[in-house]
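Residue numbers (numbering that gives the first Met the number 0), protein chains in the order written: chain A, 0 to 336; chain B, 0 to 336.
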Amino acid sequence: MVQYILRRFAQFVPVFFGVTLLLFFITTLLPGDPVALRSGEKKLPPAVYAALRHSYGLDKPWYAQYGDYLGSLSPVHYSSKAGLQFTGPDLGDSISSGRPVVDIFKETYPYTVRLALTAIAIEILVGIGVGIVAAVRQYSIWDTLATLGTSILVALPVFWLGLMLQYFFGIILKQWTGGAFYLPISGASGPVFADWVHLILPSVTLASVSTAYAARIMRSQLLEVSGQDYVRTAFAKGLGGSAVLWRHEMKNALIPVVTFIGLDLGVMLSGAILTETVFNWPGVGLTIYQAIGRRDYPVVFGGVTLVLFVVLLVNLLVDISYAFLDPRIRLGGQAEG
Amino acid sequence: MSDDLKAVEVTDGGVIADVRPPPGSKPPTDELRRAAESRGNRTLYGDAWYRLRRNKLALGALAWLILLVLAAVSADLWVPQHFGKPNAIDTALIGTSRLLPPSPTHPLGTDDLGRDMFARVIYGARISLTVGALAVLVAVLIGILLGALSGFYTGWLDALIMRFADVFLAFPYILFAILLLSVLPEESRASIVPVVLTIGVLGWPSIARVFRSSILSVKENDYVDAGRALGASDGRLIIRHILPNAIAPILVYATMSIGGAILTEAALSFLGLGIIPDPVRSPNAVSWGRMIDDGRMYLTSNAGIVLWPGIAILTTVLAFTLLGDGVRDALDVKMRD
């Protein structure tokens, strides 16, 4: 097991470097000069231009710039006077607001976490529930409805679903909701809702596609498992249908579902740009998106690095927990399915 | 099919007489042979087409897509042109027919600039379908090349390409696309090329993975060894022997991916990073995603502006998913859910 974790971790490190290098290449080496972008339409005098480039460290070769960037991520800093010190990563200051990038994300990240956890809760309850019903009642009307519903959900543009939910609850049902769900006029009149109520529509929107996938995986896994010998043995021993389902089938059928949901949590924790934009939800996704529009590179760099780190870390944790759940993997074999 | 027709003959009185031998009697061997010949030596794809034709859902999806393509291609001939071009800005129209509800003259109403929504939805199919198909083509070309190299030459090249794929897949999808598109100059977005390339480049790792595993299983076959023993070069082995037998999963995956590419194009347009056609130079160019983005502000006054393009996206993506499912079942490709 320890060996397995070490091996996974060994894979995590090069991918992290690869991903940060990719980010670095996209933002600094592709056309689009940040200095020219900052100065706008006017052409800068060459001396000023050179000075600006120097102040951002843009005159250094690319590997030195990448080194500076990695150095800024390190939470531990060394100076000859104070020695090693834990100061937290210093990601610089936002160009547009002048605030430290670390502070900006400390403020916005809780919003993303709250949204992600609510969406995951919906995904677990609805996704797994629908999957079980569809599998247990295979070929029934419920199964057909589930297949139809998940197909439609997967084909929905997420942002469109968000807008339509706003329209339905904020405008059509305005009498009851007071328009509180339609953000531009949020809180204008009508009943005032508790904070958590405003979480419902964004989290339903964010959860929609993944819930459909979770339900599909749950269904197909249960159907696959139900044909296996050990399930027949359990029935032959005289166990009832629900005992076989919960004690025998679910144990194995859940593994791929748990993996999917785990990986999805990583994606959601990395900020849901579309959902956050539709609902004006002040999380990391919206912050990064707005920073890209303003060419606020320190915020973009800091935000994307944070997001990448979270995604990779969650993937690593999912891999490790997968090995706990499925002995075939930690013993070096290949997982099926 | 044709031997069934031969088996029944229409008699003079119009009564259909069954001239087939009674059940149980042995048909003449001559007839058996003829029956086998008339069915032809079915190829893999002949068989698949035969199975696909019996899948009503997939056939319906195919019919819908063909209808959509025909409608979009021939739009100049039958969509009323006197309401103005779908992407042009006509100040006279803004005054007279702004935000009209659906009526016989404007079946889907008009948008905030007085343009006919029906024409916009029909013309919108052009960009969405073109971008979807071309982006998947780019992804398939890159993915097949790298996947073939990776699967055929296992070793350091395989490891390098697959780690590269890991890095791409670890990057949050939409964020990656936004970063790539945001570094391009604004003028380049009048054409579909940047969006097509971005979606294509982001799609290659999944295709490469699918193709790699397909190649890994095909290359174990004896006929590949036989080819090698006869002195075929690596290139010939890959192109003549392995590729035709390993391509089926790619066909399935590509069909399903077109829907995904259309959704991504819409999402990017919604975020203001999609295709921004010049209203003067390309008066017919609209995209469904941009229509939704444009209509957001008018959700309260005319929700149809947002509703119809969304339904167009939904049905098109759903059709590609159902068709992909059908192709998968017809080609009997096993894929993860």
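Yeah, the Cβ is synthetic: ideal placement off N, Cα and C, and Gly gets one too. These numbers come from a predicted model, not from an experiment.
By Cβ distance below 6 Å, which residues in the same chain neighbour B:Tyr122 in space, the five residues on each side in sequence not counted?
Once the five neighbours on either side are set aside, the close Cβ partners of B:Tyr122 are Ala74, Pro85, Asn283, Val285.
Using a Cβ-Cβ distance under 8 Å, would A:Met249 count as near chain B?
Cβ-Cβ to chain B under 8 Å: no for A:Met249.
I'd like the list of long-range same chain contacts for A:His247, defined as Cβ closer than 7 Å, with 5 residues on each side in sequence excluded.
Correct list, in chain order: Tyr229, Val230, Ala233.
Taking a contact to mean a Cβ-Cβ separation below 8 Å, would you say B:Ile304 touches B:Phe269 in this structure?
No, the pair does not count as a contact, with Cβ atoms beyond the cut-off.
Whether A:Thr276 touches A:Tyr288 by CB criterion (8 Å)
Yes; because the gap between Cβ atoms is below 8 Å, this pair is in contact.
Could you pull out every residue in the same chain whose Cβ sits closer than 7 Å to the Cβ of B:Ile173, ignoring the five residues on either side in sequence?
Closer than 7 Å at the Cβ level, and outside the excluded window around B:Ile173, lie Ala266.
Start and end residues, alpha helix (DSSP H) containing B:Gly325:
Residues 303–330.
Touching or not, the segment 317–324 of chain A and the segment 85–101 of chain A, by the rule of three or more beta carbon pairs under 8 Å?
Fewer than three beta-carbon pairs drawn from the segment 317–324 of chain A and the segment 85–101 of chain A are found closer than 8 Å, and the two stretches are therefore not classed as touching.
Nearest to B:Val166 by alpha carbon, out of A:Leu20, A:Val1, A:Met267, A:Ile319?
Residue nearest to B:Val166 within the set A:Leu20, A:Val1, A:Met267, A:Ile319 is A:Leu20 (criterion: CA-CA distance).
So with CB distances below 8 Å, who are the chain B contacts of A:Met163?
For A:Met163, the neighbours in chain B by C-beta distance under 8 Å run, in chain order, Val305, Leu306, Gly309.
Exposed or buried, B:Arg239, counting other C-beta atoms within 10 Å across all chains shown (16 or more means buried)?
Residue environment for B:Arg239: exposed (fewer than 16 other C-beta atoms within 10 angstroms of its C-beta).
Residues bridged to A:Pro99 [DSSP beta-bridge criterion]:
Answer by DSSP bridge pairing, in chain order: A:Asp92.
Verify whether the separation of the beta carbon atoms of A:Thr346 and A:Ala211 is less than 8 Å.
Residue 346 of chain A is absent from the structure shown; chain A starts at 0 and stops at 336.
Which class does A:Val129 belong to by DSSP, given the choice of helix, strand or coil?
Note: A:Val129 maps to helix in three-state DSSP.
Enumerate, from N- to C-terminal direction, the unbroken alpha helix (DSSP H) stretches of 4 or more residues contained entirely within the segment 204–256 of chain B.
Within the segment 204–256 of chain B, the complete alpha helix (DSSP H) runs of at least 4 residues are 221–228, 242–245.
Residues of chain B with CB under 8 Å from A:Ser150, in chain order?
Within 8 Å Cβ-Cβ: Leu317, Thr320, Leu321.
Interface partners of B:Thr299 on chain A, CB under 7 Å
The contacting residues are Ile170.
Coarse secondary structure for B:Asp370, derived from DSSP in three states
Given that chain B is displayed from residue 0 to residue 336, the structure contains no residue 370 of chain B and the question cannot be resolved.
Quick check on the DSSP output: the alpha helix (DSSP H) that includes A:Thr232 runs from which residue to which?
Segment 228–235, the alpha helix (DSSP H) holding A:Thr232.
Reducing DSSP to helix, strand and coil, say where B:Asp115 ends up.
If DSSP states are grouped into helix, strand and coil, B:Asp115 belongs with the strands.
Spell out whether any CB of chain A is found under 8 Å from the CB atom of B:Val78.
No - not a single Cβ of chain A is within 8 Å of the one on B:Val78.
Quick one: measure Cβ to Cβ for B:Asn301 and B:Gly108, integer angstroms, because I've assumed they're closer than 8 Å.
Confirmed, Cβ separation roughly 6 Å.
Using the beta-carbon of each residue, which ones in chain A are nearer than 7 Å to B:Gly258?
Neighbourhood of B:Gly258 in chain A, by CB distance below 7 Å: Ala154, in chain order.
Return the first residue and the last residue of the alpha helix (DSSP H) that B:Gly154 is part of.
Element bounds for B:Gly154: n/a, residue is neither H nor E.
Looking at C-alpha atoms only, which residue of A:Gly302, A:Val310, A:Val298, A:Val317 is the closest neighbour of A:Gly97?
It is A:Val298 whose Cα lies nearest to the Cα of A:Gly97.
Continuous alpha helix (DSSP H) stretch holding A:Ser209: start and end:
Taken as a continuous stretch (DSSP letters only), the alpha helix (DSSP H) holding A:Ser209 covers 199–224.
Along chain B, in chain order, which residues have C-beta atoms closer than 7 Å to that of A:Thr276?
Under the 7 Å cutoff, chain B gives Leu270.
Between the segment 197–213 of chain A and the segment 114–121 of chain A, do three or more beta carbon pairs fall short of 8 Å?
Result yes; three or more Cβ-Cβ pairs closer than 8 Å.
Would you kindly work out how many angstroms separate the C-alpha atoms of B:Thr46 and B:Ala57, rounded to a whole number?
For clarity, residue 46 of chain B is Asp in the given sequence; the question names Thr instead. Spanning the two alpha carbons is a distance of roughly 15 Å.
Bridge-paired residues (DSSP) for A:Val135
According to DSSP, which records beta bridges pairwise, A:Val135 is partnered with nothing at all.
Which same chain residues, not among the five before or five after B:Gly131, have their C-beta less than 6 Å away from its C-beta?
Closer than 6 Å at Cβ, skipping near neighbours: Ile257, Ala260, Ile261.
Of all the options A:Gly284, A:Ile319, A:Ser54, which has the alpha carbon lying nearest to the alpha carbon of A:Gly302?
It is A:Gly284 whose Cα lies nearest to the Cα of A:Gly302.
Within 8 Å of any Cβ in chain A, is that where the Cβ of B:Asp221 sits?
For B:Asp221, no CB of chain A lies under 8 Å from its own CB, so it is not counted at the interface with that chain.
Out of B:Ile312, B:Phe319, B:Thr320, B:Asp328, state which residue places its alpha-carbon closest to the alpha-carbon of A:Val157.
Closest by alpha carbon: B:Ile312.
Contacts around B:Leu112, its chain only, beta-carbon distance under 8 Å, and the 5 residues preceding and following it disregarded:
Taken in chain order, the residues that qualify are Ile88, Asp89, Leu92, Ile93, Arg97.
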